[in-house]
Amino acid sequence: MRPSRHQMYLAMARAASMRATCYRLNVGAVVVEGRNVVAVGYNGAPSGEPHCTGNGCQYFTVSGCKVVHAEINALERVDTDERIARHVGLYVTHSPCGDCVMAMKLAARRGLYVERVFFETAYRDPSPIKQLIDYGVEVYQVMPSGLLVNHRTGELEQP
482 MRPSRHQMYL AMARAASMRA TCYRLNVGAV VVEGRNVVAV GYNGAPSGEP
532 HCTGNGCQYF TVSGCKVVHA EINALERVDT DERIARHVGL YVTHSPCGDC
582 VMAMKLAARR GLYVERVFFE TAYRDPSPIK QLIDYGVEVY QVMPSGLLVN
632 HRTGELEQP
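Numbering of the sequence shown is given in my numbering, commencing with residue 482 and proceeding in unit increments.
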């Protein structure tokens, strides 16, 4: 059976997650503009820094995790010009955390507007999803069947 575009972009995000260098959780993200993939990211050590070894995380501190998250990694790779707005969708293996929601809001300063977020697995804290919805972002969970759960309405939608 032919996958929907949502399923295809999430499969790309899953493939990106295999490059993750964080041993706690492998996350991948894909930024899509129209029907074109414009950036890919995964979570891991900051560029140029040693990767996690699995023997305790050197990037996890009292103030939280310092690993670069997949969403931030992908959003930073999108070429932007604040004079030309870019409206994108973000496909991510796990729903965004609060820091990633803030990064999406800040991306608007450079002309990058995340209008839709699609994810497979819910993050342990559901409050970032509410923050996205309050900010005007459409948030969907893509089910294995391909159906979408609209997190604003709670209803199932066809892809």
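Even for Gly, the Cβ is constructed at its ideal location relative to N, Cα and C.
Counting along the chain, where does the beta strand (DSSP E) carrying residue i start and finish?
i	result
L629	L629 to N631
G509	G509 to E514
L571	R567 to H575
Assign residue i to one of two classes, buried (16 or more other C-beta atoms within 10 Å of its C-beta) or exposed (fewer than that).
i	result
P609	buried
A589	exposed
Q639	exposed
T574	buried
L571	buried
Measuring straight from C-alpha to C-alpha, what distance separates residue i and residue j?
i	j	result
A584	M482	36 Å
T602	C533	23 Å
V623	E636	12 Å
V548	V595	22 Å
Give the DSSP-derived three-state secondary structure of residue i in the structure shown.
i	result
D606	coil
Q612	helix
R590	helix
Can you tell me where the alpha helix (DSSP H) with residue i in it begins and where it stops?
i	result
N524	Run containing N524: none; DSSP gives neither H nor E here.
Y490	R486 to S498
E563	That residue, E563, is in no alpha helix (DSSP H); it is neither H nor E in DSSP.
Who are residue i's beta bridge partners in DSSP?
i	result
Q622	F600 and V630
L637	V630
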